[in-house]
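Numbering (our numbering), first residue to last: 29 to 281.
From the three backbone atoms N, C-alpha and C, an ideal C-beta is built for every residue, glycine too.
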Ligand code: GLN
């Protein structure tokens, strides 16, 4: 059996790391290691020339960031546009959280009314109110489908941006806001794209989602994508507790 090895490009790890979003990379590393899969992590940092071949990656990851950080990195990100597009076209898995999610769409108009151009990979766009208190903040539960099976994704959202024009959302909101205030849907997805407002970090609270990313990346590479069970009893207990707290209160949605 061929050796299973994956490569991940972590973009702007020092700038896009709201609410411990870099923890998502740690979760992927851990869950790969438990299956004997090597996950090699490279970084792309602002204003630093890098030799990373984006198309040679299996996963590209962007975390979330405040408006200020998004402005800071916008130009550098635009300089990566062709390489990210080529990677996306070749089926590299794109995982993006909140600020990263917004910047791969058409544009983000921030809470100062400044328009940050997006990479335009996807059709959606995002606008924030100039009233800086007008934000969607709190725990959120979303129902998505992973390999044909329903899966409830839990996280924490804190965004002023309201994202519209999403053709294929990541999931249905069971509690919280989602793409827009009191929205019905959350995030954006394709088979190998997940863009979501959920921090948490996302993957520590949703181990099956981490495994989905890993197995899709393995499958694309023609490697065995089966993943043995690992002991998720703590994660399962935590999820059960959070669902009982959050979903019973807002059962009417
Ligand atoms: N600055 C963006 C907003 O407020 C993204 C925030 C985030 O990544 N949590 O909508």
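Identify the continuous beta strand (DSSP E) that holds residue i and give its terminal residues.
| i | result |
| --- | --- |
| residue 122 | 121–125 |
| residue 59 | Where residue 59 is concerned, there is no enclosing beta strand (DSSP E), although the alpha helix (DSSP H) it sits in stretches over 51–61. |
| residue 80 | No beta strand (DSSP E) holds residue 80; DSSP gives it neither H nor E. |
| residue 90 | 87–90 |
| residue 137 | 135–137 |
| residue 143 | 143–145 |
Tell whether a beta-carbon distance below 7 Å holds between residue i and residue j.
| i | j | result |
| --- | --- | --- |
| residue 265 | residue 129 | no |
| residue 76 | residue 256 | no |
| residue 51 | residue 229 | yes |
| residue 207 | residue 214 | yes |
| residue 138 | residue 95 | yes |
| residue 35 | residue 117 | no |
| residue 150 | residue 115 | no |
| residue 158 | residue 141 | yes |
| residue 127 | residue 166 | no |
Could you tell me the boundaries of the alpha helix (DSSP H) in which residue i lies?
| i | result |
| --- | --- |
| residue 235 | 235–248 |
| residue 114 | 109–117 |
Taking 6 Å as the line, does the beta carbon of residue i fall inside it for any heavy atom of ligand 1?
| i | result |
| --- | --- |
| residue 164 | no |
| residue 187 | yes |
| residue 45 | no |
| residue 204 | no |
| residue 42 | no |
DSSP beta-bridge partners for residue i?
| i | result |
| --- | --- |
| residue 184 | 167, 227 |
| residue 71 | 38 |
| residue 158 | Its beta-bridge partners do not exist; DSSP assigns none. |
Using 8 Å for Cβ pairs, my map puts residue i next to residue j. What's the rounded Cβ distance?
| i | j | result |
| --- | --- | --- |
| residue 99 | residue 144 | 6 Å |
| residue 189 | residue 155 | 7 Å |
| residue 220 | residue 121 | 5 Å |
| residue 44 | residue 93 | 4 Å |
| residue 182 | residue 194 | Not confirmed; about 20 Å, so no contact. |
| residue 252 | residue 32 | 7 Å |
| residue 91 | residue 125 | 5 Å |
With hydrogens ignored, establish whether the beta-carbon of residue i is closer than 6 Å to any heavy atom of ligand 2.
| i | result |
| --- | --- |
| residue 146 | By its list of ligands, the structure shown excludes ligand 2, since it contains just ligand 1. |
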